[in-house]
């Protein structure tokens, strides 16, 4: 987040002040005529003339009291008048009161004082600047932006206003204008960290990654301590596809989000091993995230390491159980010959989300692979009731019913599947088998021929069987 408090805007003290302004504020700009003197705390100090009596002028009465000479009353009257005017001037200077309120973190009061100042003199760019500063610290960023714009209208190129406005616009995602202002500020003070760093952020947000890389490197040379500058450099390298170069700065910054983005880029580049290494390092570093555990488990499963995948998938299921991570865990358990645990995992998943058709289809497939055709058929049927247009549900149900030799219901399921449209060759072949088993010869021949037409050499073994069955059936029909 772009900081708009004093620590993010500058470090200075008012002229002649013996105290730093807490939280580091930009230096108060001088008044319009440049003649304002300030005492401790940035408040105006009065120059009061003081009469110095010479020893010859000091006379005392016999009682030891001071006896004024001629003209002394006039001098004392002048001093009193100066004191009264000075007090009135202090009360009437809203800019001085605004600076004092800023120092004391009374931001709403500071806003009120500086509003009076700009009302009194609309061309006082210093008052407009401090009004913007007070508004930003008070959380009124939109008005702060307007005040900084006015400041730059009155005083084009003012470094402090360009920097502050650029930072606020960057926070508001107005990156093009922010980049322009920060470019000017960085040009004014090229050896200052903040304008160079925020310019790099603006360029990166604008999609100008190569330019951003250059500015991040420049900012790191000025001050390499902030982790954000290394994180920014890593992200700029990522945007350019420089994956190997990006990892160093991202690890130096301990930027977990950037490293996750890097891992995703490795996955996109089909470099699963590099992605696994990053995920493992993040988890070893103490990052707790069920989604990362799940993704790492899936990658390990894809890499043929089911035993290594199981603990990560178990953590994912424990932290945030979903049908996907429970199915992945069940798959890993099956591959490590833990079928009972796999089935129990899927049972728990289905019990927790009974109306999830995809989850039931996955569970039915698991039962089918374990040759539990009856259980598989039940879950395929329930999935079809939940999602009537699911081709997977009807196809799985028809196949299981065929395996259970329940040909009548299998044919009904095949008909429902065909009605959904775009039937594949396998459906015609299995439907032909069901018709053949039921001695429905003519429909069986028709189904076999439709299979041959749609297969067109793609399934040679099944095509050979279909032709043989057609010959056999035709011979039987010819005998009648």
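In our numbering, the protein residues as written are 1062 to 1541.
We put the beta carbon where it would ideally sit given N, CA and C, even for glycine.
Cα-Cα separation, residue i to residue j
i            : j            : result
residue 1292 : residue 1286 : 11 angstroms
residue 1519 : residue 1447 : 33 angstroms
residue 1347 : residue 1379 : 17 angstroms
residue 1227 : residue 1180 : 25 angstroms
residue 1175 : residue 1237 : 30 angstroms
residue 1535 : residue 1442 : 35 angstroms
residue 1221 : residue 1311 : 31 angstroms
residue 1467 : residue 1426 : 19 angstroms
residue 1242 : residue 1167 : 29 angstroms
residue 1421 : residue 1365 : 25 angstroms
residue 1527 : residue 1490 : 8 angstroms
residue 1328 : residue 1496 : 47 angstroms
residue 1511 : residue 1403 : 39 angstroms
residue 1192 : residue 1171 : 8 angstroms
residue 1307 : residue 1476 : 56 angstroms
residue 1303 : residue 1317 : 18 angstroms
residue 1164 : residue 1264 : 34 angstroms
residue 1319 : residue 1390 : 28 angstroms
residue 1178 : residue 1258 : 33 angstroms
residue 1406 : residue 1372 : 14 angstroms
residue 1322 : residue 1251 : 31 angstroms
Spatially closest choice to residue i from the options, by CA coordinates
i            : options                : result
residue 1392 : 1414, 1169, 1431, 1538 : 1431
residue 1314 : 1506, 1289, 1342       : 1289
residue 1480 : 1337, 1490, 1455       : 1455
residue 1483 : 1264, 1527, 1515, 1229 : 1515
residue 1215 : 1197, 1190, 1229, 1204 : 1190
residue 1298 : 1283, 1275, 1194       : 1275
residue 1253 : 1239, 1270, 1281, 1186 : 1281
residue 1245 : 1345, 1217, 1234, 1494 : 1217
residue 1530 : 1522, 1517, 1509       : 1509
residue 1210 : 1201, 1406, 1225, 1401 : 1225
residue 1198 : 1169, 1344, 1343       : 1169
residue 1462 : 1450, 1513, 1187, 1433 : 1433
residue 1396 : 1478, 1362, 1196, 1345 : 1362
residue 1186 : 1453, 1273, 1272, 1213 : 1213
residue 1419 : 1400, 1457, 1398, 1394 : 1457
residue 1367 : 1305, 1539, 1394, 1326 : 1394
CB-CB length for residue i against residue j, believed under 8 angstroms
i            : j            : result
residue 1207 : residue 1229 : That pair is no contact at about 10 angstroms.
residue 1256 : residue 1247 : 4 angstroms
residue 1260 : residue 1278 : Rounded, the Cβ-Cβ distance is 12 angstroms, inconsistent with contact.
residue 1444 : residue 1451 : 6 angstroms
residue 1324 : residue 1336 : 4 angstroms
Any C-beta of chain C under 7 angstroms from that of residue i
i            : result
residue 1441 : Judged by its chain identifiers, the structure shown contains no chain C, having just a single protein chain.
**Request:** Please confirm if the segment 1373–1391 is in contact with the segment 1344–1362, defined as three or more CB-CB distances below 8 angstroms between the two stretches.
**Result:** yes
**Segment contact, 8 angstroms Cβ cut-off, at least three pairs: the segment 1407–1415 with the segment 1429–1437** = no
**Request:** Say whether the segment 1491–1507 touches the segment 1472–1480, bearing in mind that this needs 3 or more beta-carbon pairs closer than 8 angstroms, one atom from each stretch.
**Result:** yes
**Message:** At 4 residues or longer, what runs of the alpha helix (DSSP H) sit wholly inside the segment 1247–1291?
**Reply:** 1254–1266, 1270–1283
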